Structures are given as C-alpha cells and as structure tokens.
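Protein sequence lines correspond, in order, to chains A and B.
Residue 2 is where the first sequence starts when you use this note's numbering, and the numbers rise one by one after that.
Residue 114 is where the second sequence starts when you use this note's numbering, and the numbers rise one by one after that.
Note that beta-carbon positions come from the ideal geometry of N, C-alpha and C, so glycine has one too.
Bear in mind that the values here come from a model prediction, so they are computed numbers and not experimental data.
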Amino acid sequence: MSIQITSDLQENIRNFEELFSDCEDIKKRKIKVGEHLEQECYIAYIEVTLSSVDFKDSAVGKLLGKLRTMPEQELSDYVKENVEDISDSQPFPTIEEAAEGMLTGDVLFFLNGYNKALKIPDKGYPGRGVYETESEKVIRGSNEGFSESIKLNTALIRKRLRSPHVKVKESFAGRRTNTNVDLVYLKDLIYPGMLEEIEKRLSEFEIDGALDSGIIEQLTERKKYSPFPQFQTTQRPDRAAMAILEGRIVLLSDNSPVALILPATYNTFVQTSDDYYSRWEIASFTRALRYLASFLAMVFPGLYLAITNFHTQILPTDLLLSLAAARQGVPFPAMVEVILMEIAFELLREAGVRLPGANGNTIGIVGGLIIGQAAVDANIVSPIVVIVVALTALCSFAVPNEEFATAFRILKFLFIFLCGTLGFFGFLAGVLAVLIHLSHLESFGIPYLAPFVGADLNGYQDERDTFLRLPLDYLKKRPVYTREGARTRLRLYKEKEQK
Amino acid sequence: MFADNWKISLRQIRRLFIMDIFGMSSLMLPGILSSMSGADGIFCLLLGMAGGMLLLFLMGANLKHIRKDYYSYMKETAGQLLGDIFMVFYFLYFVTLSGYVLYELTTLSLTWLLPDGSWLGISLILLLLGVYGSARGIEGRARIYEIIFWFLGIPLLFMLVLAVGDVKTAYFTPIASSDFMSFSRGSLSVLIFLLPLTALLFLKPFCRKPEKMVSCGKSAMVTVIFLNIIIYLILLGVFGRNTMGVLDRPVITLMGMVNLPGGFFTRQDVLMTAVWFFALFALLNTGIFQGALVMRELCQMHRNRLSLWVVAVIVFLVGKGFLEYSFLTEVFEIYQIWVVLPGMFFILLFLLFLHWARAERKTQKGGNG
Chain A
2 MSIQITSDLQ ENIRNFEELF SDCEDIKKRK IKVGEHLEQE CYIAYIEVTL
52 SSVDFKDSAV GKLLGKLRTM PEQELSDYVK ENVEDISDSQ PFPTIEEAAE
102 GMLTGDVLFF LNGYNKALKI PDKGYPGRGV YETESEKVIR GSNEGFSESI
152 KLNTALIRKR LRSPHVKVKE SFAGRRTNTN VDLVYLKDLI YPGMLEEIEK
202 RLSEFEIDGA LDSGIIEQLT ERKKYSPFPQ FQTTQRPDRA AMAILEGRIV
252 LLSDNSPVAL ILPATYNTFV QTSDDYYSRW EIASFTRALR YLASFLAMVF
302 PGLYLAITNF HTQILPTDLL LSLAAARQGV PFPAMVEVIL MEIAFELLRE
352 AGVRLPGANG NTIGIVGGLI IGQAAVDANI VSPIVVIVVA LTALCSFAVP
402 NEEFATAFRI LKFLFIFLCG TLGFFGFLAG VLAVLIHLSH LESFGIPYLA
452 PFVGADLNGY QDERDTFLRL PLDYLKKRPV YTREGARTRL RLYKEKEQK
Chain B
114 MFADNWKISL RQIRRLFIMD IFGMSSLMLP GILSSMSGAD GIFCLLLGMA
164 GGMLLLFLMG ANLKHIRKDY YSYMKETAGQ LLGDIFMVFY FLYFVTLSGY
214 VLYELTTLSL TWLLPDGSWL GISLILLLLG VYGSARGIEG RARIYEIIFW
264 FLGIPLLFML VLAVGDVKTA YFTPIASSDF MSFSRGSLSV LIFLLPLTAL
314 LFLKPFCRKP EKMVSCGKSA MVTVIFLNII IYLILLGVFG RNTMGVLDRP
364 VITLMGMVNL PGGFFTRQDV LMTAVWFFAL FALLNTGIFQ GALVMRELCQ
414 MHRNRLSLWV VAVIVFLVGK GFLEYSFLTE VFEIYQIWVV LPGMFFILLF
464 LLFLHWARAE RKTQKGGNG
C-alpha cells in the first residue's frame, strides 16, 4: 500500500527515511528556508547525482536561494505555482513514487506545508558521454556512438531527426531495476500494428532486472531457438535514425549503448551506414562482398572438407597433389584438423575480446602468427587448413553485425560436420535446411528473407537495395515495412520539370 | 502483419512451378525422347507443351467456377461421393509422385554426390527436410524457391552457353524420321512430366491474384519447355542420338564434360548436380505438401503436422518400394500413362460438363418460370 505525502514534513521525512534506511549512498538533508529561515525543507539525492554540495549552480541550489528570499507563508504557494510546472520537475503524491523518481538520478524536494514531493533534475547518474563506437566502424559518416544514458541516446536520434513526428514512448522493464525503455519511431511511417506488437511483447514478461537491451531482446523474440537474431542491433545513432526513416522502430534501453531495431531482415544486417554515404558503385561492391562473406563464413571449411575428402575430381591434379603434400605427416583426419583449428581460432577470438585493449591485439598476433606457424611446423595441422580457417575468419569479420555474424560462426560447425561426413550431399542438405529455416523466420511479421521474397508487396522496389545498392535516385520508395501510402522517400523535382 | 496472410505472389507461383517441372523433365526426358524419336524429340516437346496448354485451359475454365477451394467445388459440382473419389485420385497421384521423386533424388545423390552413402540415411534426411519445408505452409515453401531460382538458373545457363561450343549440328539430323507411335509416346511422356501443374487447382485459396494463376502456369511451362529444348539440342549435338539414349542422366554427364574458362575446376558435374538436387527436392516438397493438403481436406484433419508425417511415411514406403522392386517403375509408368493422364483430363472435363449442364438447366428453368 502506498504512503501518501502529507503537509507534515516530519512525517514525510520519517516515512522516507524508513524506506531508505541503511542506504548510506542516499544523502538526506534538512535545510532552513524563508527570509527568516524559519521554515524547513528536505532534500534527498543519490550522492553522485548532484553537481555540487553547496548547490550553487544547480537547479536545486537556485530554488533554495529563491526560497530564502521569500516570506515563510508564501513558500508553499510559490512552489505549487512556479516550480511544479517547469520542465523536468515532477510532483509525486506518494512516498514510493517519489522514491522511484529519485532513483532515476534526480533530486527529491520536500517542503513543510506542501503535500507533494518534487523531483528536480540535476547532474544525474554518471555516464560516459558521447564516444566513438567500438564496432560498426565506417569509412565515411559520423563517428558518434550511443552511450549508456537513454536520455543522451534519444537526444542523439532527435539531433538527426528534427521532426515533431518522431515519437518517444517510454516504459519500464525490470521489477527491481526499473529500467527505462524507449520506443522511438516516426508516427506517420510505422507499419500499422508494429508498435502495438512490440508493446504487447514488452508487457508479456516481468523480470527482476533488465540490465541491458540484450535481455529485452531475448524475452521479446518469437523464435528463441533460431541462431539468427530477430532484432537488429546498432551502436550508431545515424544507423538508428536511418532505420526510423524507413518506418522501423528503435528500442533504447537505459544503461545499454546498444539499440535494438525492429523489424530486421537478412538484408538489413548486411547493410552499413556508409552504404548510403558512399557512391553506389563502391557501396554495391562492398555489399556484394558482404553477402558472399556471410555465406562463406558458414560454409567455407565445410566445402573444403567436402571437396578434399569426397570429390577430389573437381580440382586440377596439380592442386590436388599440392594439397596432399601439405597434409603429409598430419596425424589427424581432415575433419578433426579443421575442427581443432576452428576451436583454436574461436578461443583466440574470445581471449582477444576479454583481454584489455593492447593485450587483446597481442593475443591476435601471438595466436594467429606464432601458434599457427608452430602448429604447422609441428605437423599438427596443414598450412592449407590454416589458410581456410583464416579466410573463414576474415569472412565472418566482414559481416557488419556481430550477432548476425555469430549465427554463421555457429552454423559453420554444423557444416563442418555435415560436409565432413556426407560430402557435397551434406553441404546441399545443410544449405537447404538453413534456407528453409530462414524462409520460415520472420521478424515482427516481416519475412527474414525480404525483399528477396515477397518483393511484389512493394512493387519490386526493395530489390534495388539488396546485393547491389543502386544509385540513390533509384531508391525513391521506402522499404515494405513502412506504412502503405507513406513510402515515398525521394522526389526529384528536376525529373518533373523535364517531363 | 502481412507476412502471416498465407498468400503467395504470382512470381512465387511461377518459380515454384518452374522448379517443380524442370527438375524431373530435364533429367529424364532427354534420354527418353532420344531413344524414342531422336531429333524429333524437339517436336515431341512442342506437342507435349500443346497438351499442357490444353490441360491449363481446362484448369483455367474450372478455376473460374471455384469459389472457396477445389475440393468444395468438386463436391458442389459432382456430389460428395465423386468429390471424395476425385480427391483420393489426386492424393494417390501426389504421394506416388513424391515417392518416385524420393527414389530418384536419393539415387541421384548416391550416384553423383555420395556413392558410399546409405539409401535409408539419405532418403530419411531428404524426407525430414521435405516435411520441415512444408511445415510452415505454402508461404514458407514459396519463399525457398523464390530465392534459389536465380542461384540455380544463372550457373545452369552459364554452363549451357559454354556447352554450345561442343555441339555438332550434324547430329541434329535426320528430322521427321521417327514413326507415329514413337512420336506419340514421346509427346505423351512430355505431357506426363507437365502434370505437376495440376497442383495449381489447389492453390486458389493461397494466391494473391487467383485470376492470373493460369497465365502464370503457362509462363512456367513455356519457360521449362524452352529450357528443355535448349538442353535437348545441346545434348543431341554433343552426344548424338545413340549415345544419349544409353546415358543414365545425360544432362549431368554433360555438366561433367564442360570446361570452365581458366581451367581451375576440372569437373563440374558434382557442383552442377545441385541444380537438380534442389529442383527434385522442390517436386518432392510439392508432392508432400499437396498430399498433406488433400489428406487434410479429405479427412477433415485440423493438424497440419500430423497429415505431413502421415504423408511422409507413405512417401517413404513408396520410395522404398521403387528401390526394392524394379518392376514398380514400369507399373508407375503404366499408371501415369493409362490412369493419371486420362484421369486428370477426365475429371476436369467432367466437372466442366456438369457445371455447364447445371447452368443450362437453371437457364431453362428460369425461361419456363
């Protein structure tokens, strides 16, 4: 049951302090106000969220300064009339709500004779600020990245989309963490039902803590056993803004620099921000490379095994002989050799990620060059397998989205097994199985393989931005996940004049 | 959301049927036609296509009257009993076809891809994939073939272009040398390979633009016949009539002989088997899907998965039968020529006649009244 805030300050203080007993990080102070300093107020805040102890430059400090110049009997009316309505301050009628308000990183203000608590924003929780993204590097375009503060992240999107149609719907996830979750979208562009669907999914669970957007992602995904992610992730505000312009919804979670974008398709995972900033020839070339890379990251070691173990007739004799010569002295069957090398590589990658910056790079060099060379010299693996594994790794790095690339890294082992035991038949069966799986997969009702499938729904326009990214003036329509009737993204006035 | 509407586009239907009828026809027809009618096989293909056009015309005429689905239409027009009998006929056609395709696909895999593999293991993997492919209904299936269409089409066209260099035009003669019986049998064989097009009749509830389904079927058939003519001419020009008649799967043998520029890959037959692997799988998948669909409607089953598994077991047993008893292949051929082919035409004509007669009676009644 909620405890109402009354006009009696002492009672409010007692209730509040009872709720926050044994919380040394919460600072609680009684301060005298009024021109004769005869009235009392009370402020509470988390130690680091207020800018300075003497409150000189803070909003709280200025309010206190003002209250010290006013007659005692006018203080309550003044707060009611002038402070309640100013931006960001928020009155709470109960102790619990006031406590939740303070835990968002703001200062709580109680006044004797005033039956509410006011939340007054100040410095807030410490955060990193705007930094360059660690992943999703681009050659051309902004280098700003999302940070852990949801407010900062929404502002970074707003900075790019200065339209009143951009809406931010706030909700909370996590019973104990009370994490802010914002849904950012363009009201006039989103596909009908999409917003309702994500809101429904967000309301379908109650968890004690939602510490990162990854938790929300996993709890709202429909196909939980698929290795393929059904949300796109990004740390780039420009990528998020671009997605919003396509009628997609961006989900931001407090304390997470990773935004979720929905719906997501295979094609959107292969796109990068600078695909649209660079000229179409370059963008198309790199896009096609990424598609090829995503396929090879999954099948290359398997194909090597299928060809060298089962179908050697495909290769010219010279190459076959050199392959056989390279394997001479290696004690393991080719499949075991490839699995060993792949596991070693995955270990190196994992170690590189977990170690601090410079050490991580060193691990890459030590592992890749020294251990690889030593393994070849010791006849544990053949040089050709090192090349195959290295090329596969390169392909997986070329996939711009880490979660998406991981799906191929996992499936790679399935293909190694299939091709190692069933040859090219295993390869074809594996490709078929993955293809069937992908064709069944949907992200918020959108086929995962769109626009390669169902392109007719948008007059085959979406196919212009797939393997190839055609010149921008060909991409006049937004993709199919935009509301019908709002799909025009580009109008060329010059063309009209010529007509 | 729009992806859940269980409707497919015309492009998806077209590609689905191209894959369905291309696989078996390109794999088997060249051998059959060359042994029967030599260079006249081209005319057999054209005549078979004319038969296919007639079949599509009859299907189109019936499709106009279908309001809900084909089964309801048959029951409304011919009565419950005949409707059920016709459905059993279609069910038998689809499951025996799937069984035969399973046998062929497994044999193809064992011959070209995994000579040391076991029939049981390969056929079970293929069946499981077939059931998995059909589990999400027509939309999921259509998406698979929509996406792999060009991945298979482009390498095939590329290889065919490369093979043109080895063609000896002298092998195209003599023309018009085959007797009437051989020519007719050749044309009938072509028509039999076009029969999977009848699945169109069951697709009306799943198509976004049902009024254009028949023209879509026509374009799929013309594309396949055109491809078959090219393949046949190339095979005839490369191997000659006599050699082609004794080759098991001449088109795959051809793929093994074509030299790629640069000479890195010495033989492409294994790689190019992928085209027929996927195409035959498409037909297997269609057979399982259609069989399960017919079964569900006939037995009023509500569980999609159960009907799929039942059909899969039947298909496996039929496929196993073809492997164990070679005479069944001949029985299947006789069944196709003497039961399936006339049956398909009879049902369509009979339904049209009944529909026409009923309409006439109504008009007369209206006139009298």
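Cutoff 9 Å: residue i Cβ touching any chain A Cβ
i                   : result
glycine 404/B       : no
glutamine 449/B     : no
glycine 161/B       : no
phenylalanine 378/B : yes
arginine 321/B      : yes
valine 383/B        : yes
glycine 230/B       : yes
arginine 249/B      : yes
Proximal residues of chain B, C-beta to C-beta of residue i below 9 Å
i             : result
leucine 429/A : Ser222, Leu226, Thr386, Ala387, Phe390, Phe391 and Phe394
Interface partners of residue i on chain A, CB under 9 Å
i               : result
glutamate 259/B : Ser440, Leu450, Phe453, Val454, Gly455 and Ala456
is_contact[residue i, chain E] using C-beta, thresh 9 Å
i             : result
glycine 253/B : In the structure shown, chain E cannot be found, because the protein chains are A and B.
Any C-beta of chain B under 9 Å from that of residue i
i                   : result
isoleucine 315/A    : yes
glycine 424/A       : yes
phenylalanine 311/A : yes
Secondary structure of residue i, DSSP reduced to three states
i                  : result
glutamine 272/A    : coil
proline 230/A      : coil
phenylalanine 93/A : strand
glutamate 205/A    : coil
aspartate 382/B    : helix
valine 371/B       : coil
arginine 254/B     : helix
valine 49/A        : helix
proline 448/A      : strand
cysteine 157/B     : helix
lysine 28/A        : strand
glutamate 137/A    : coil
valine 169/A       : strand
glutamate 443/B    : helix
glutamine 5/A      : strand
glutamate 149/A    : coil
threonine 311/B    : helix
leucine 178/A      : Checking the sequence shown, residue 178/A turns out to be threonine, not leucine. Three-state result, threonine 178/A: coil.
lysine 117/A       : coil
isoleucine 288/B   : coil
threonine 70/A     : coil
glutamate 443/A    : strand
Cross-chain neighbours of residue i in chain B, by beta carbon under 8 Å
i                : result
isoleucine 437/A : Leu242, Tyr245, Gly246, Gly253 and Ile257
alanine 434/A    : Leu242 and Tyr245
Those residues which DSSP pairs with residue i across a bridge
i               : result
aspartate 457/A : Paired residues: none, contrary to the question.
isoleucine 44/A : Arg30/A and Phe110/A
tyrosine 186/A  : Lys168/A
aspartate 466/A : Arg470/A
leucine 263/A   : Ile250/A
- Message: What are the residues in the stretch 241–254 of chain A lying within 7 Å of chain B by C-beta distance?
- Response: none
- Item | Interface positions of the stretch 234–247 of chain B facing chain A (Cβ-Cβ less than 8 Å), listed along the chain | Ile235, Ile238, Leu239, Leu242, Tyr245 and Gly246
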